[in-house]
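The block underneath contains the structure these notes are about, expressed in structure tokens.
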Amino acid sequence: MRIKSLTMNNFMPYKGVHTLSFPEHPNRNVMLVMGDNMRGKTSFLNAIRWAFYGRALGRHLREIPTHQLHNTEAGQEGDWMFEVHIQFESEKHTYDLRRRASKKNMVAIPNSPEDFDVVIGLQKDSMAIRADQIDFEINKIAPEQVSRFFLFDGELLQEYENLLIEGSEQGKKIKKAVEQVLGVPALIYGRDELSTIFKKAQKQQAKDLSQVKGLERQAEQQAHYQEKQLILSGDIERIGAKLKETEKERLELDDKLDGLESIHEAKAHLDMLQKRQKSILTEQEGKQHLRLEAASDVWRDLLSVKLSIKRSQLQARQKQLAEKTEQKTVFETKIKQLEKLLNTSECPTCHQEIGENLREEAGRELGELQGKIRTFEIDHKESMEIAAELAHISAIRSTGAGKRIESIDADLRRLDVELTQVENDAEKKRKEIKGYDTADIARMRALRDTLLKEESTLQKDIDDTQAKIDDITRQLEVLAKLLQDDPAARASKSTAKVRVALELQELFKQSIERLRGDLKGRVEKLATEAFLHLTTQKSYHKLEINDNYGLQIIDDTSQRVEVRSAGAEQIVALSLIDGLSRTGRAAGPVIMDTPFGRLDLKHRENILKYLPNTASQFILLVHDGEIRKETDLEPLYDKIGLEYEILEVSPRHSKFERV
Amino acid sequence: MQNEDMALNALMAVAEEGDFGIDKDLIAKAYAIQKTHQFDHDRAISLQEMQSLIDYYAEQNSSDS
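Sequence order for the protein chains is A and B.
If you read the first sequence in my numbering, its first letter stands for residue 17, the second for the next number, and so on.
If you read the second sequence in my numbering, its first letter stands for residue 630, the second for the next number, and so on.
Here is the structure:
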């Protein structure tokens with residue numbers, strides 16, 4: 017398949033008519049569309065998706081309602097029609113596809129999808145295709161289920177990276193989508209329809225056999241199982257509808273909350289700041305209390321200098337008095353010795369008689385000492401007073417209150433600064449959330465969490481009920497096989513129908529697993545082929561697919577590479593998408609929106625060299641920040657057939673310019 | 630789609646390996662119906678065609694036995 021041209025009229029930001037030709041030369045099959053963010057690259061992708069499949073996808077792959085696909089400015093000018101027209105060729109046939117939406121006559125200003133009439137027309141080799149055959153014809157050329165692999169953006173790449181995380185919830189959902197895409201639906205639908213036919217035939221069989229003598233009990237048993245199966249199927253349908261409704265409600269909340277995430281974060285931050293503000297105030301109060309306590313001891317610090325001088329003076333006087341007392345004692349002892357010497361005239365040491373001269377000298381000395389000692393007056397009262405005063409001063413010691421107050425004051429200053437900062441930050445956060453009902457955001461978050469839990473409970477109920485149905489189905493199959501061996505039962509036409517339907521159903525069932533295995537092998541082979549072209553790591557040998565359709569890198573020593581860089585994850589995801597795309601359809605165009613995200617130059621170069629070779633046309637939608645046109649696109653220069661730039665006319669109006 | 634033949638091949642291979650007494654013609658016809666309608670959202674036509682096919686083969690089967 018090759019797209020020849022695309023014309024958009026009032027589609028999203030493309031006000032008025034915009035026609036783009038697509039590259040037709042097989043060797044120059046690359047089309048480059050450059051555009052800044054918010055200019056309309058994804059809308060370009062959506063124009064193709066809407067023309068082919070009647071749906072455009074927004075964030076999280078959610079469908080954009082029809083009325084939001086219309087250009088706002090055109091609406092303001094009273095032009096309420098929008099259209100996408102694609103000319104393409106496939107297997108030597110030319111096609112002309114046109115999807116148009118027009119405001120219904122009775123609607124003044126459309127504000128819901130129902131306010132538009134949508135019509136689609138497809139011509140094959142200039143012959144109109146019947147309306148009821150259009151989807152069938154399109155699906156033959158480019159099946160919608162496979163479209164996610166050839167019309168894709170960075171978000172899809174991210175999704176596929178999640179697929180590589182074993183057991184992730186998103187991975188499970190993608191696995192289901194992948195299986196749908198890989199042609200398994202033909203067999204799955206076959207199995208399910210044969211199961212319906214089998215049940216119907218068995219019901220008829222039960223009715224027929226209830227009339228045959230000897231088989232009434234089996235017929236009754238069969239009818240009993242069928243009734244039980246019917247009730248359980250009704251239960252599944254009911255729970256399934258409830259699950260769908262819950263999922264829808266939760267996804268809507270997710271979308272709303274996505275836009276309010278920053279508000280929620282600001283509110284959480286504000287709560288934290290307010291908590292800190294409160295704790296600072298408490299801390300300040302505590303410090304003030306400690307400061308007051310310390311202040312009551314400050315007078316001790318103030319008196320300490322004076323008291324210290326007084327203490328020194330008293331101690332000096334005390335010392336003087338002590339020395340005087342000591343001196344008196346020495347004199348008294350000497351007087352006693354001299355008196356004894358004069359009385360005995362004998363030396364107290366050698367006990368020899370002393371001469372008259374020495375006696376006279378001793379008498380003189382004694383007289384002098386007796387004179388001196390008369391002047392020694394020891395004031396014992398003063399000594400006692402000094403001792404008491406010193407004891408009193410010692411009791412009035414400094415408690416270091418001043419230093420403590422200094423430290424508390426420093427803490428208080430620090431807390432003051434922090435409090436001001438916290439109050440300023442809180443004010444900023446208050447401004448951020450002003451006008452938003454944060455209580456409602458909290459409510460939505462809580463509701464979203466409850467819905468998630470409910471989804472998981474409902475899914476479990478479905479699984480449990482399905483297990484019961486499977487058990488009954490097995491019982492019915494056993495019963496059907498038993499009846500096939502019964503000659504009386506075999507004679508009935510309904511038994512023949514049961515047999516054919518059951519066997520064919522079993523064959524389809526078993527073949528699904530076989531096909532899955534075969535397809536996995538093919539995807540693994542094609543993804544490996546892509547990967548070896550795209551990776552820059554020479555030691556990587558191949559990719560290995562797992563049950564979840566995730567891929568593991570195997571190195572040249574046959575070991576799994578457990579730690580992969582973000583770039584390697586993206587390359588593996590891209591390889592998987594390429595493998596799935598080539599498994600799911602014949603060669604066709606690949607349109608990639610902003611795919612380079614985290615990739616380095618060499619990987620980008622590899623992608624640009626490889627992907628144009630695997631697609632009939634390679635349309636690359638990129639912005640300046642993602643790719644440097646002058647250098648990064650060098651490997652593509654000789655392959656670029658056409659190049660466009662999306663330019664802004666106004667915030668709601670973009671246009672294409674051919675470069 | 631490239632894998633359509635893979636699907637038919639899988640059916641034929643499983644039929645051959647297993648103990649299925651099903652006519653290959655029936656398998657091919659049933660698969661052809663599913664192949665034609667594999668992308669239909671409304672399954673009514675496909676179910677109707679499958680029903681007619683089974684009726685036809687069951688009729689033949691019961692008249693043979």
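Cβ atoms here follow ideal geometry from the backbone N, Cα and C, with glycine treated the same way.
Cβ distance (whole Å) where residue i is taken to contact residue j below 8 Å
i, j, result
"N45(A)", "Q633(A)", "5 Å"
"G51(A)", "L637(A)", "7 Å"
"L548(A)", "T262(A)", "Not confirmed; about 44 Å, so no contact."
"Q526(A)", "G647(B)", "7 Å"
"I255(A)", "D487(A)", "Going by Cβ atoms, the distance from I255(A) to D487(A) rounds to 18 Å, so no, they are not a contact pair."
"D141(A)", "H109(A)", "5 Å"
"A512(A)", "F214(A)", "A512(A) to F214(A), Cβ: 12 Å. No contact."
"S249(A)", "I485(A)", "7 Å"
"V514(A)", "Q221(A)", "5 Å"
"A546(A)", "S591(A)", "4 Å"
"R413(A)", "R292(A)", "Not quite, the Cβ-Cβ distance comes to about 40 Å (not below 8 Å), so this is no contact."
"T82(A)", "P129(A)", "4 Å"
Proximity below 8 Å, CB of residue i to CB of residue j
i, j, result
"D648(A)", "L617(A)", "yes"
"V134(A)", "A117(A)", "yes"
"L655(B)", "L520(A)", "yes"
"L550(A)", "Y626(A)", "yes"
"L682(B)", "K658(B)", "yes"
"A507(A)", "L499(A)", "no"
"A72(A)", "M24(A)", "no"
"K120(A)", "F132(A)", "yes"
"A202(A)", "K653(B)", "no"
"E642(A)", "T610(A)", "yes"
"L474(A)", "K258(A)", "yes"
"Q290(A)", "A442(A)", "yes"
"Q245(A)", "L495(A)", "no"
"R446(A)", "L286(A)", "yes"
"I528(A)", "I204(A)", "yes"
"L559(A)", "M635(B)", "no"
"V588(A)", "F166(A)", "no"
"Q568(A)", "L615(A)", "no"
"R75(A)", "R266(A)", "no"
"F168(A)", "L85(A)", "no"
One or two residues paired with residue i in a DSSP bridge
i, result
"N25(A)", "V33(A), E99(A)"
"F672(A)", "I662(A)"
"H41(A)", "The partner list for H41(A) (beta bridge, DSSP) is empty, contrary to what the question assumes."
"V606(A)", "F634(A)"
"V135(A)", "R116(A)"
"D169(A)", "D609(A)"
"I19(A)", "F104(A)"
"E362(A)", "E369(A)"
"R576(A)", "I570(A)"
"K140(A)", "Y111(A), M143(A)"
"L73(A)", "E79(A)"
Start-to-end residues for the beta strand (DSSP E) that takes in residue i
i, result
"K450(A)", "Segment: none, K450(A) is in no beta strand (DSSP E) and carries neither H nor E."
"L113(A)", "109-119"
"E642(A)", "That residue, E642(A), is in no beta strand (DSSP E); it is neither H nor E in DSSP."
"V46(A)", "46-50"
"Y653(A)", "Per DSSP, Y653(A) belongs to no beta strand (DSSP E) and is neither H nor E."
"Q568(A)", "567-571"
"K558(A)", "556-561"
Residue span of the alpha helix (DSSP H) that contains residue i, given as start and end
i, result
"R292(A)", "232-311"
"Y69(A)", "57-69"
"D654(B)", "653-666"
"G416(A)", "That residue, G416(A), is in no alpha helix (DSSP H); it is neither H nor E in DSSP."
"H549(A)", "509-550"
"Q218(A)", "200-225"
"G91(A)", "88-92"
"A504(A)", "503-506"
Taking one C-beta from the region 353-373 of chain A and one from the region 443-454 of chain A each time, how about it: are there three or more such pairs within less than 8 Å? no
Taking three-plus beta-carbon pairs below 8 Å as touching, is the region 61-69 of chain A in contact with the region 99-114 of chain A? yes
Would you call the region 671-682 of chain B in contact with the region 203-214 of chain A, where contact means no fewer than 3 C-beta pairs closer than 8 Å? yes
How do the region 84-99 of chain A and the region 25-32 of chain A stand: do at least 3 beta-carbon pairs fall below 8 Å, yes or no? yes
Counting pairs of beta carbons, one from the region 326-336 of chain A and one from the region 434-442 of chain A, are three or more of them closer than 8 Å? no
So, does the region 533-548 of chain A touch the region 587-601 of chain A, judging by three or more C-beta pairs under 8 Å? Between the region 533-548 of chain A and the region 587-601 of chain A, the count of Cβ pairs shorter than 8 Å is three or higher; the stretches touch.
Do the region 299-311 of chain A and the region 409-428 of chain A touch if we need at least three Cβ pairs shorter than 8 Å? yes
Contact between the region 367-387 of chain A and the region 273-290 of chain A: three or more CB pairs below 8 Å? Cβ pair count under 8 Å is below three, so no.
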